[in-house]
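A.B. asks: Before I ask anything, here is the structure I am working with.
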Amino acid sequence: MKIKPITIIILALGILLFPVFASASNTSGTIDSTNKYAWTENLGWLDFGTTEGNVQITDSALTGYAWGENIGWVSLNCSNDNSCATVDYSISNDGAGALTGYAWTENAGWLQFNPTYGGVSIDSSGNFSGYAWGENVGWIIFNCATTDSCATVDYKVNTDWRPQSA
Numbered sequence: 027m028k029i030k031p032i033t034i035i036i037l038a039l040g041i042l043l044f045p046v047f048a049s050a051s052n053t054s055g056t057i058d059s060t061n062k063y064a065w066t067e068n069l070g071w072l073d074f075g076t077t078e079g080n081v082q083i084t085d086s087a088l089t090g091y092a093w094g095e096n097i098g099w100v101s102l103n104c105s106n107d108n109s110c111a112t113v114d115y116s117i118s119n120d121g122a123g124a125l126t127g128y129a130w131t132e133n134a135g136w137l138q139f140n141p142t143y144g145g146v147s148i149d150s151s152g153n154f155s156g157y158a159w160g161e162n163v164g165w166i167i168f169n170c171a172t173t174d175s176c177a178t179v180d181y182k183v184n185t186d187w188r189p190q191s192a
């Protein structure tokens, strides 16, 4: 059977271009400098966009720290402080923007990003939405649109990372 040159060209292009289409985002996955706040009724604002916190979003995980005036630093991944051998935790990203797992804060304990009746995701515009839960802090809201409260207080967490389906 003879293979036509056009078939070889198409296969070669497919192999060369696959990595471009396989990754979710061509950006560094940083948090927007303006749209960087989540809200919790019990503790106030959580800032995901501090320079010191260096939050990064990849196709598989979040790293870095969020900051809350009333809670302190919130670690999104045990790799931040090399504690994975002792306590293995992280916020995972399924590549389509669904976030799962736990963050840790010394002052309030575990924050779950995929609790029952909640869950946090990133949409095709890079907007976080949904709820995380902390036993000691209550619900953490990532976008005022989640609670229809944008007319009162307009806030959200936004990133330049985009889901694979975007």
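Quick note: the sequence shown uses the working numbering, first residue 27, plus one each step.
We put the CB at the ideal spot given by N, CA and C, even for glycine.
Output needed for Leu88: all residues of its chain with C-beta closer than 6 Å, excluding positions within five of it in sequence on either side, in chain order.
C.D. replies: Excluding positions up to five away in sequence, the list reads Leu102 and Ile117.
A.B. asks: Rounded to a whole number of angstroms, what is the C-alpha to C-alpha distance between Pro45 and Pro189?
C.D. replies: Interpretation of Pro45 is limited by its pLDDT of 45, a score under 50 that renders its predicted location unreliable; the figure taken from the coordinates is listed afterwards. So the alpha carbons of these two residues sit roughly 15 Å apart.
A.B. asks: May I ask you to list the residues that DSSP assigns as paired with Tyr157?
C.D. replies: In DSSP, Tyr157 forms a bridge with Gly145 and Ile167.
A.B. asks: Taking the continuous beta strand (DSSP E) assigned at Gly135, which residues delimit it?
C.D. replies: Element bounds for Gly135: Gly135 to Gln138.
A.B. asks: By Cβ distance, which residues of its chain are closer than 8 Å to Asp180, with the 5 residues on each side in sequence left out?
C.D. replies: Cβ within range, chain order: Cys170.
A.B. asks: Looking at the secondary structure, which residues open and close the beta strand (DSSP E) in which Tyr181 lies?
C.D. replies: Note, Tyr181: premise wrong, no beta strand (DSSP E); not H, not E.
A.B. asks: For Ser109, tell me which candidate among Ala129, Gly144 and Val163 has the shortest Cα-Cα distance.
C.D. replies: That would be Ala129, whose Cα lies nearest to the Cα of Ser109.
A.B. asks: Check this for me: beta carbons of Glu161 and Gly135, under 8 Å apart or not?
C.D. replies: Contact: yes.
A.B. asks: Compare the beta carbon distance of Val146 and Thr66 with 8 Å and say whether it is the shorter of the two.
C.D. replies: The answer is no: Cβ separation not under 8 Å.
A.B. asks: Straight-line CA distance for Thr173 to Trp159?
C.D. replies: Their backbone Cα atoms lie some 15 Å apart in a straight line.
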